[in-house]
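Reviewing the structure listed below.
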Amino acid sequence: MRHFVIGDVQGCRAALEDLLTRIDFDATNDQLIFAGDLVARGPDSLGTLRLIKGLAARTVLGNHDLHLLAAFHGHASVKPKDRTQAVLDAPDAAELMAWLQQQPVLITLPTGDVLTHAGLPPRWTVAQAQALSSEVENALRSPHANAFFAAMYGNEPSTWHDDLTGPERLRVITNHFTRMRLISANGQLNFQHKAGNEHLPEGFKAWFDWPTVRPAGERVFFGHWAALEGITQTPQAIALDTGCVWGRHLTAYCLETGERFISTPGLQ
Numbered sequence: 001m002r003h004f005v006i007g008d009v010q011g012c013r014a015a016l017e018d019l020l021t022r023i024d025f026d027a028t029n030d031q032l033i034f035a036g037d038l039v040a041r042g043p044d045s046l047g048t049l050r051l052i053k054g055l056a057a058r059t060v061l062g063n064h065d066l067h068l069l070a071a072f073h074g075h076a077s078v079k080p081k082d083r084t085q086a087v088l089d090a091p092d093a094a095e096l097m098a099w100l101q102q103q104p105v106l107i108t109l110p111t112g113d114v115l116t117h118a119g120l121p122p123r124w125t126v127a128q129a130q131a132l133s134s135e136v137e138n139a140l141r142s143p144h145a146n147a148f149f150a151a152m153y154g155n156e157p158s159t160w161h162d163d164l165t166g167p168e169r170l171r172v173i174t175n176h177f178t179r180m181r182l183i184s185a186n187g188q189l190n191f192q193h194k195a196g197n198e199h200l201p202e203g204f205k206a207w208f209d210w211p212t213v214r215p216a217g218e219r220v221f222f223g224h225w226a227a228l229e230g231i232t233q234t235p236q237a238i239a240l241d242t243g244c245v246w247g248r249h250l251t252a253y254c255l256e257t258g259e260r261f262i263s264t265p266g267l268q
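Going by full-length UniProt numbering, the sequence shown opens with residue 1, and the numbers climb by one from there.
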């Protein structure tokens with residue numbers, strides 16, 4: 001069986017269908033695993049969700065996916081630029097949202113590597129990240145998920161501490177898994193910088209450019225940071241968001257061969 005890890009689709013269903021043709025996708029022998037942000041600013045978030053769910057694919061949750069879930073539960077408003085209102089208006093909205101809400105924020109890949117939407121902070125081991133991801137996933141799947149969405153938003157606390165509790169703890173964990181790009185030496189997140197990995201604010205680096213406690217052979221696959229254009233210069237960090245929604249292309253990475261496949265540039 002082949003396993004393909006695919007970057008941020010963001011509602012670009014036509015690009016995804018084109019990519020599936022390019023990898024010669026076989027539903028019997030291939031497994032698709034998505035890096036999150038299935039929905040948002042592309043033209044067909046509804047069709048994208050239906051397609052991915054129908055393919056029995058796996059996915060981690062991204063920040064845009066969580067925002068859509070929060071809107072469905074009445075704790076956020078759909079932003080016009082996200083173009084996701086059609087999902088909430090669809091006759092199968094409840095079914096789609098129930099499926100999305102069951103998805104994890106971290107997946108251990110068949111190679112032993114891990115996938116999250118935004119990456120892993122350098123101070124977290126994989127075992128620690130797995131335990132923390134379970135806390136968020138349990139909250140999402142619990143009868144009290146509304147409370148999670150009500151407290152999910154915010155940039156504070158901006159630094160992880162083991163002794164955090166309650167909604168603040170879940171918010172910080174969620175922000176690391178779904179919103180992180182830059183981090184400081186003491187673990188503070190910076191949410192303002194969304195450009196590439198240059199001209200960074202003083203004291204901050206890309207999360208993958210700091211020394212890490214993880215062994216050299218452990219790789220982290222991630223999306224979220226389109227401005228990187230799939231390049232990190234760090235073998236341990238495999239970037240998958242190649243800006244399809246911004247007019248570039250969608251990327252699939254084959255775990256068995258290390259080969260990258262891309263959709264037709266500009267296709268959404």
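Note that CB positions come from ideal geometry on N, CA and C, so glycine has one too.
Here the structure is a predicted model, which means the values were calculated and not measured.
Item, Value
"Beta-carbon separation (whole angstroms), G7 vs L240, contact threshold 8 Å", "3 Å"
"Per-residue burial, F222 [other beta carbons within 10 Å of its own, 16 or more giving buried]", "buried"
"Three CB pairs or more closer than 8 Å across the segment 133-146 and the segment 246-266", "no"
"Nearest-angstrom Cβ-Cβ length linking A11 and R83, presumed shorter than 8 Å", "Residue identity check: residue 11 is Gly in the sequence provided, not Ala. Right, their Cβ atoms sit about 6 Å apart."
"Neighbourhood of V172 by C-beta, 7 Å cutoff - its chain only, sequence neighbours within 5 removed", "P157, W160 and L164"
"6 Å CB neighbourhood of G203 in its chain, flanking five on each side removed", "S184"
"S184, DSSP secondary structure in three states", "strand"
"The segment 21-31 in contact with the segment 59-68 per 3-pair CB rule at 8 Å", "no"
"Nearest-angstrom Cα separation, counted from H224 out to G112", "21 Å"
"Chain-order list of residues whose beta-carbon lies under 8 Å from that of W210 (same chain, five-residue window excluded)", "P122, I183 and A185"
"Whole alpha helix (DSSP H) elements within the segment 122-183, 4-residue minimum", "126-141, 145-151 and 166-178"
"Reduced DSSP secondary structure (H/G/I, E/B, other) of V114", "strand"
"For C254: DSSP bridge partner residues", "F4"
"Nearest neighbour of T212, chosen from T28, T125 and D89 [CA to CA]", "T125"
"Cβ-Cβ distance between V114 and V9 below 7 Å", "no"
"Backbone CA spacing between I107 and P201 [nearest angstrom]", "31 Å"
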